[in-house]
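Please read the structure below before turning to the comments.
Numbering (this note's numbering), first residue to last: 131 to 400.
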């Protein structure tokens, strides 16, 4: 096992000619794909990994400087693909990992046959000509809450983000993986994500993109999916699902899994 594979808890399962990479978002780990994986392993080679900083990774490996931008994470993806000698893959990225995959594809478009984005946003902060969903003051308050009492913040953030109450299995699952993160690392990762701005790079992304979005998402307004569609440099398609929350693959798998399988199997019509 290579250095990147070990550091990111890489698992390669299933069999098939095509490779699928499943990349999780903030506060989760590769377990967030548990409802999708059983539907893939008979037909595809599936690569799962944990982003550095996830509660399942060694916190000693987390380089605060490297991960002040999303570029560090994009380099991690390329390192994993190179170690596994992947020639081409279908990349499925949730939340920040959607952007990470898009960034990685700029330097190595040959590695990505297409990218599926779930709950993706190139920028979270509002501007006069752009609606990302958050005012700067709201993010300052969010980060202060994380600093003051991380456990309490997790308990409050999880149901809002998932779109359910604390009794739901999906909220409990997200609460668990969120709380597993070391608080100082979680704060650093959250700041990197919420202050990122990938908009200037979108026109350089030429890999076909399938943009999948919940109709109601605390973190990503629906208009953002249309913004991506209009500004990406290559072919793209948008599908807005009748789901509630930022982690629909966890909270509404009965809706999301068939949608993902369809987009994995079929390309954008010419």
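Backbone N, C-alpha and C define an ideal beta-carbon position, used for all residues, glycine too.
What are the residues that DSSP puts in a beta bridge with residue i?
i           : result
residue 369 : 342
residue 244 : 220
residue 260 : 257
residue 374 : 346
residue 327 : 253
Given 6 Å as the limit, tell me if residue i has its C-beta closer than that to any heavy atom belonging to the ligand ADP.
i           : result
residue 215 : Ligands displayed in this structure: none; no statement on the ligand ADP is therefore possible.
Using the C-alpha atoms, what's the distance from residue j back to residue i?
i           : j           : result
residue 231 : residue 174 : 19 Å
residue 298 : residue 333 : 40 Å
residue 141 : residue 322 : 26 Å
residue 368 : residue 273 : 31 Å
residue 137 : residue 188 : 7 Å
residue 347 : residue 200 : 22 Å
residue 225 : residue 393 : 17 Å
residue 263 : residue 396 : 31 Å
residue 296 : residue 288 : 8 Å
residue 222 : residue 275 : 31 Å
residue 256 : residue 292 : 22 Å
residue 317 : residue 155 : 14 Å
residue 315 : residue 198 : 11 Å
residue 229 : residue 216 : 20 Å
residue 135 : residue 354 : 33 Å
residue 132 : residue 179 : 13 Å
residue 385 : residue 311 : 29 Å
residue 185 : residue 148 : 29 Å
Within the same chain, show all residues whose beta-carbon is closer than 6 Å to that of residue i, passing over the 5 residues directly before and after it, in chain order.
i           : result
residue 171 : 143, 144
residue 362 : 332, 335, 339
residue 329 : 252, 253
residue 398 : 338, 365, 367
residue 350 : 249, 251
residue 202 : 196
Whose C-beta lies closer than 7 Å to the C-beta of residue i among residues of the same chain, with five residues either side of it excluded?
i           : result
residue 167 : 176
residue 238 : 208
Decide if residue i is buried, meaning its Cβ has at least 16 other Cβ atoms within 10 Å, or exposed.
i           : result
residue 303 : buried
residue 158 : buried
residue 258 : exposed
residue 286 : exposed
residue 146 : exposed
residue 266 : exposed
residue 227 : buried
residue 279 : exposed
residue 151 : buried
residue 206 : buried
CB-CB under 8 Å to residue i, same chain, minus the five flanking residues each way: which ones, in chain order?
i           : result
residue 387 : 165, 166, 169, 379
residue 345 : 352, 370, 371, 372, 373, 374
residue 290 : 348
residue 390 : 166, 222, 246, 248, 342, 379
residue 383 : 165, 166
For a minimum of 3 consecutive residues, which ranges assigned as the beta strand (DSSP E) are wholly contained in the stretch 160-189?
175-178
Identify every run of the beta strand (DSSP E) within the stretch 135-163, keeping only runs that are complete inside it and at least 3 residues long; order them along the chain. 141-144, 149-153
Note to self: I'd like the ranges of any alpha helix (DSSP H) spanning at least 4 consecutive residues and lying wholly in the stretch 285-316.
What the structure shows: 299-309
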